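Below: the structure, in structure tokens.
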Ligand code: SF4
Ligand code: SF4
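Residue numbers (the working numbering): 10 to 440.
Encoded structure:
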């Protein structure tokens, strides 16, 4: 018999020594996930345990623990999937220490979709959390964020409640809030400006109440460059924070809602890196939930500015911070820098190890303060050493984290969205 036919008839792995087996579930074993929303076997099996991601993982870099590495976390998920492990406190601590920064995903040669796997692993942990923690997460992620009126109330109450907030939250929360601010439903280019098309803007939850100036600047810059901007009233929080924290049902409801609100839009413009990375993956949460989402700065770079910025900035030395969900999850690096470089006299400086996570990561800086604090301190020191006192950051979580880190070092600096710098270069007299 030819050698090839003989191989076909022998079971795969028959020549392995006794006790050895291919990675995968033993015959008769079943997964030990307690809930239906589990990491997919197909995703888990992509990891070949090469370890190339390890040096890029912030939590592995700072702990040197395999359990705090992407490979270790995947091994823990696989153990549960193969029925040899369970979702217990140790499993929860491995998953909770992950920032979901997706640096591992960016460098993985096997294209392991780590972010998606982690969201599903976190969903398994939720019911195990203590009652108080579950209540606070429910209150914040299920009740407040998706409901605009409650967010307005929170923004209104924050300045009064500030002295009573936990120290860590107080250090992060911006002093100024915008409880009553409203974006126009429609903003049109001025008479005489050629209209290039219509875009719809995601106003966001935290962005609109705590960083409303970023949304205002977004509308102004788009309109100045020939885009008609609509702000659909039916939209809600994108759901990223809920998804990252194991609340996939809520994230699905928000995805469906936003798909309805933005139906028919040619482009959905998003100015927060965490939101856009999540919205680009709506289809993974809900079948057919696709939106033509565009990152604001990448959109401006790709479509081009029809009006060149004319004024330099008082302090033209600017450090650009790469948010993980722009750099790692979407590969956006050059476009924001290219747009900022159009501002007369602006000098862009690079942050040493600028591809490292700042430790904000949604709720991470509140629920994992020690690891987050170490990463924040590293990032703030690297920014201080650039000498720049203006930092451009296109994600509200990073903005709060970096501002808090610089304040803790006693560095007086301004952390702003790059579109705000662009707006100032058009209208320097605006407050
Ligand atoms: S996640 Fe990717 S890079 Fe990391 S060990 Fe697995 S295959 Fe290698
Ligand atoms: S997402 Fe970030 S913190 Fe989590 S395992 Fe990957 S590199 Fe490490």
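The beta-carbon is built from N, C-alpha and C at its ideal position, and this holds for glycine as well. Since we're looking at a predicted model, the values are computed, not measured.
Exposure of residue i, with buried meaning 16 or more beta-carbon neighbours within 10 Å
i, result
"residue 176", "exposed"
"residue 128", "buried"
"residue 169", "exposed"
"residue 100", "buried"
"residue 419", "exposed"
"residue 319", "exposed"
"residue 497", "Absent from the model: residue 497. The displayed extent of the chain is 10 to 440, so no value can be given."
"residue 14", "In this prediction, residue 14 scores a pLDDT of 45, lower than 50, which makes its location untrustworthy; the coordinate-derived value is nonetheless stated afterwards. Result: exposed."
"residue 311", "exposed"
"residue 425", "buried"
"residue 220", "buried"
"residue 39", "exposed"
"residue 56", "buried"
"residue 59", "exposed"
"residue 79", "buried"
"residue 144", "exposed"
"residue 442", "Nothing about residue 442 can be read from this structure; the chain reaches only from 10 to 440."
Where residue i falls: helix, strand or coil (DSSP)
i, result
"residue 207", "strand"
"residue 422", "coil"
"residue 435", "helix"
"residue 356", "strand"
"residue 326", "strand"
"residue 375", "helix"
"residue 285", "helix"
"residue 217", "helix"
"residue 11", "Bear in mind that a pLDDT of 45 at residue 11, under 50, signals an unreliable position, so the number given afterwards is only what the model happens to contain. The answer is coil: DSSP assigns residue 11 none of H, G, I, E or B."
"residue 2", "There is no way to answer for residue 2, as the model of the chain reaches only from 10 to 440."
"residue 411", "helix"
"residue 395", "helix"
"residue 16", "For residue 16, the predicted model reports a pLDDT of 47, less than 50, meaning its position is unreliable; a value from the coordinates is still stated below. Residue 16 falls in the helix class under three-state DSSP."
"residue 142", "helix"
"residue 57", "coil"
"residue 240", "coil"
"residue 34", "coil"
"residue 304", "strand"
"residue 348", "helix"
"residue 381", "helix"
"residue 314", "coil"
"residue 295", "coil"
"residue 278", "strand"
"residue 192", "coil"
"residue 400", "strand"
Closer than 7 Å: residue i CB and nearest ligand 1 heavy atom
i, result
"residue 58", "yes"
"residue 119", "yes"
"residue 122", "no"
"residue 456", "Within the shown structure, residues of the chain are numbered from 10 to 440, placing residue 456 beyond reach of any answer."
"residue 398", "no"
"residue 61", "yes"
"residue 48", "no"
"residue 67", "no"
"residue 64", "no"
"residue 111", "no"
"residue 80", "yes"
"residue 83", "yes"
Candidates the options, of which the one nearest residue i by Cα
i, options, result
"residue 269", "322, 247, 89, 71", "247"
"residue 105", "163, 92, 376", "376"
"residue 62", "114, 84, 138", "114"
"residue 325", "112, 332, 350, 283", "350"
"residue 336", "98, 149, 110", "110"
"residue 123", "260, 50, 158", "50"
"residue 184", "116, 163, 53", "163"
"residue 208", "217, 215, 198, 364", "198"
"residue 186", "196, 204, 202, 215", "215"
"residue 85", "102, 223, 65", "102"
"residue 232", "196, 267, 245, 217", "196"
"residue 147", "202, 112, 254", "254"
"residue 244", "155, 54, 34", "155"
"residue 437", "374, 401, 322", "322"
"residue 306", "166, 297, 277", "277"
"residue 286", "45, 116, 125", "125"
"residue 297", "356, 288, 411", "288"
"residue 428", "403, 407, 87, 410", "403"
"residue 406", "344, 391, 117, 334", "334"
Any non-hydrogen atom of ligand 2 within 7 Å of residue i CB
i, result
"residue 376", "no"
"residue 373", "no"
"residue 34", "no"
"residue 53", "no"
"residue 336", "no"
"residue 107", "yes"
What are the complete alpha helix (DSSP H) segments, minimum 4 residues, inside the stretch 82 to 140? 98 to 105, 112 to 116, 123 to 134
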